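Student: Sending over a structure as structure tokens; questions will come in a sec.
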Amino acid sequence: MTATTTTIRTRSTPKLSAADLGRLNTRFESAHPTAVILWAIGEYGQDLALATSFSDTLLVDLALSVNPDMEVVFLDTGFHFSETLEVLKQAQVRYEMNLRVEQPDPTGEDLWASGTEACCAARKIRTLDSALAGKSAWLSGLRRTDSSDRKRTPIIEIDRRGLIKVNPIAAWPADEVAAYMDERDVIVNPLTLEGYPSIGCWPCTERTSTGNDARSGRWPGSPKTECGIHL
Ligand code: SF4
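Listed below in structure tokens is the structure:
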């Protein structure tokens, strides 16, 4: 793939005030995701990682087009659909990713059956904490259209760890997303075409009816809509 090179540097996380965040979010509200990613790389260099669940490779394609060496974090919960693991495999071939697969400490039990909060805490939240230790910032693929809870997602925010969290595609219009995915032949999890607009672990994901919130197929029968890594 064609890559635009950029200068990579490492520095300690600069503090961003609320005013700074406001200015940045105003600046990037209508910006192309690549402009946001370039800003993040310029600010955080090698201290920037990308986290993805491989529902598709949209964010990976955007980010690695700018910096092919960026660390890509995948949380291997142990309960991914085989289709998701196949997308991961295809992505490894296409992008030669600097991939970090983070696995949870063995729990010895299927926690999801007895308590999804504890299971997500062990298999997602703590594994992401571990993967991001030593980083200053990370890229996520959150989109405002994912759910009503995500409709106010800023482009840049500070997460609960105090890290800079960058959501380059949060406000990207759907028609531009579709055009980019088509043009770049972005890899898409086939489950998306089978009625799973949001794909997580198999015990906690089901098909969603057309017109429903994209996250409504997650933790069916429960008020839970987020695993906790974005809270
Ligand atoms: S989504 Fe389900 S299986 Fe996956 S970590 Fe959360 S509770 Fe466990």
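Our numbering numbers the first residue of the sequence shown as 134 and each following residue consecutively. We put the beta carbon where it would ideally sit given N, CA and C, even for glycine. Given the structure is predicted, the values throughout are model-derived calculations rather than measurements.
(1) Thinking Ile362 and Ile258 are a contact (beta carbons under 8 Å), I'd like their distance in whole angstroms, please.
(2) Using a Cβ-Cβ cut-off of 7 Å (strictly less than) and excluding sequence neighbours within five positions of Leu221, which residues of its own chain qualify?
(3) Could you tell me which of Pro330, Arg256, Glu176 sits nearest to Leu296, measuring between CA atoms?
(4) Can you tell me whether Val193 is helix, strand or coil according to DSSP?
(5) Is any heavy atom of the ligand SF4 found at a distance shorter than 7 Å from the C-beta of Arg256?
(6) Candidates Thr185, Asn345, Ala312, Leu181: which alpha carbon is nearest Ser273's?
(7) Below 8 Å on the Cβ atoms is my contact criterion, and I expect Gly328 with Thr341 to pass it. Report the Cβ-Cβ distance as a whole number of Å.
(8) With DSSP collapsed to three states, give me the class of Phe187.
(9) Please indicate yes or no: does the CB of Pro336 lie closer than 7 Å to some heavy atom of the ligand SF4?
(10) Going along the chain, which residues of its own chain have a beta-carbon closer than 7 Å to the beta-carbon of Glu316, five neighbours each way excluded?
Tutor: Once the coordinates are examined:
(1) Right, the Cβ-Cβ distance comes to about 6 Å (below 8 Å), so this counts as a contact.
(2) The beta carbon of Leu221 lies closer than 7 Å to those of Phe187, Phe207 in the same chain, with the five residues before and after it left out.
(3) Nearest option by C-alpha distance: Glu176.
(4) Assigned with DSSP and collapsed to three states, Val193 falls in helix.
(5) Residue side-chain check: Arg256 places its Cβ nearer than 7 Å to a non-hydrogen atom of the ligand SF4.
(6) Checking every option, the nearest Cα to that of Ser273 belongs to Thr185.
(7) In this structure, Gly328 and Thr341 form a Cβ contact; the two beta carbons are roughly 6 Å apart against a cut-off of 8 Å.
(8) Of the three classes helix, strand and coil, the one that applies to Phe187 here is coil, per DSSP.
(9) Because some heavy atom of the ligand SF4 lies under 7 Å away, the Cβ of Pro336 counts as near it: yes.
(10) Closer than 7 Å at Cβ, skipping near neighbours: no residue.
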